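Taking the working numbering, the leading residue of the sequence shown gets 12, the next gets one more, and so forth. The beta carbon of each residue, even a glycine, is placed where N, CA and C say it ideally should be. Keep in mind it's a predicted model, so treat the numbers as computed, not measured. Structure, as structure tokens:
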Amino acid sequence: MDDDLTMIRAAGLLAAVERVAVLTGAGVSKESGVPTFRDALDGLWSKYNPQDLATPMAFKANPKLVWDWYQYRRDLVKNAQPNPGHFALAALQKRFKFFSLITQNVDDLHEQAGSTDVIHLHGNIARTKCFFNCQGDPTFVDLTTIQYDPEDTPPKCPHCGRWLRPDVVWFHEILPKHELELATSASQSCEVMIVIGTSGLVEPAASLPKLAKKSGATVIEVNPDYSMITSIADVKLAGASGVMLPQLIEAMA
Ligand code: OAD
């Protein structure tokens, strides 16, 4: 289908509904300079092995390596700015009474762009918690309030003296219960779900669009490439989210 017609079709679908859910992945932050995980050329998992860096076992085996890798990513995210895709989603939220933005991203670029009540399925890289959750799950610690030697990482929990870790969900860990419940409920009740910049390879997030579809929603995908979501998408906006999403807002005007 002609690109303009596809955009008009997506805008028309949104104009006809009241309940919208959005699921974002690493692709939405790519134009902000934050690398994705699985892009063949520059995705993080093309250079690093997730089993060495993103599991509780990896952290136990080599806590300094894992902490320092997340510190590198934390710095990268801290310097990143939201891109037009993030701003378009913040603008889209204002148009709907029932709007849920679910993200797998651990950055806060959606919030920086003005989105509110963002459901973070995989945690927040800027936050730190005790690896042992010694004061209850989760035991967050404000890193700015403790002194530590950057050569001697990970820093130590002020409560129990053991390791601190980033508040991100690693492989083999379960997602935060409340966030997953909110995301599941939004997926079941939305009329349109927009799935943006995700390969659809990581569960349980990957099942949310399928749940939305099964519950009667129309699925719009924004992704320049084929993904595991493409086969269930009713409309595919095949391009970068920083380009496609502003065009979608314009088409809705
Ligand atoms: P992936 O790296 O698996 O997929 C990124 C997707 O973004 C791909 O389908 C790309 O085609 C697409 N993409 C690339 N550039 C884009 C652009 N400019 N606009 C829109 N889309 C673009 O990232 P996720 O699906 O988010 O888990 O990965 C899911 C999880 O796997 C992550 O949350 C992370 C990772 O291991 C944790 O950290 C727990």
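Express the C-alpha separation of residue j and residue i in angstroms, rounding to a whole number.
i	j	result
Ala249	Ala69	36 Å
Leu175	Asp245	44 Å
Met239	Val230	13 Å
Leu16	Ile157	55 Å
Asp63	Val77	8 Å
Ser219	Asn94	One point to set straight first is that residue 219 is Leu, not Ser, in the sequence displayed. Cα to Cα, the separation comes out at about 25 Å.
Ser179	His133	According to the sequence provided, residue 179 is Val. The question's Ser does not apply to it. Each residue's alpha carbon lies about 6 Å from the other.
Glu190	Leu103	21 Å
Asn9	Leu259	With the chain covering 12 to 264 only, the question about residue 9 has no answer from this structure.
Arg30	Pro74	43 Å
Lys188	Ala197	14 Å
Val45	Leu55	10 Å
Ser111	Cys201	9 Å
Gly36	Leu24	22 Å
Phe143	Thr164	16 Å
Asp14	Ala32	23 Å
Asp236	Gly208	9 Å
What does DSSP give as the partner residues of residue i in its beta bridges?
i	result
Phe151	Lys140
Asp178	Asn135
Arg30	Phe109
Leu248	Val233
Thr35	Thr114, Ile207
Ile130	Ile113
Leaving aside the five residues before and after residue i along the sequence, list all residues of the same chain whose C-beta is less than 7 Å from its C-beta, in chain order.
i	result
Ser101	The displayed chain sequence assigns Ala, not Ser, to residue 101. Result list for Ala101: Ala124, Gly125, Ser126, in chain order.
Leu120	Ser40, Ser43, Ala91, Pro93, His97
Ala51	Ser57
Gly253	Glu42, Asn94, Pro95, Gly96
Leu108	Note on residue identity: the sequence assigns Lys, not Leu, to residue 108. If we look at Lys108 and ignore the five residues flanking it on each side, its Cβ neighbours are Glu29.
Gly38	Thr47, Ile207, Gly208, Thr209, Asn234, Ser252
For residue i, collect the residues of the same chain with a Cβ closer than 6 Å to its Cβ; drop the 5 residues on either side in sequence, then sort them by chain order.
i	result
Ala65	Trp181, Phe182
Ser210	Arg49, Ser238
Leu193	Ile130
Ala216	Gln115, Leu132
Trp80	Leu64
Ile113	Leu34, Ile130, Ala194
Leu256	Gly96, Ala99
At a threshold of 8 Å, does residue i count as lining the ligand SAM (C-beta to nearest heavy atom)?
i	result
Gln115	What this structure holds is the ligand OAD, not the ligand SAM.
Can you list, in chain order, the residues of its chain whose CB lies under 8 Å from that of residue i, leaving out five sequence neighbours each side?
i	result
Gln10	Nothing in the structure corresponds to residue 10, since the chain is present only between 12 and 264.
Ala22	Leu259, Ala262, Met263
Ala26	Met263
Thr203	Note on residue identity: the sequence assigns Val, not Thr, to residue 203. Excluding positions up to five away in sequence, the list reads Leu24, Leu25, Val28, Arg30, Val31, Ala32, Ala228, Thr229, Val230, Ile231.
Length-filtered (4 minimum) alpha helix (DSSP H) runs lying within the region 158 to 225: 188 to 200, 218 to 225
Uninterrupted beta strand (DSSP E) stretches inside the region 41 to 73 (no shorter than 3 residues): Runs found: none.
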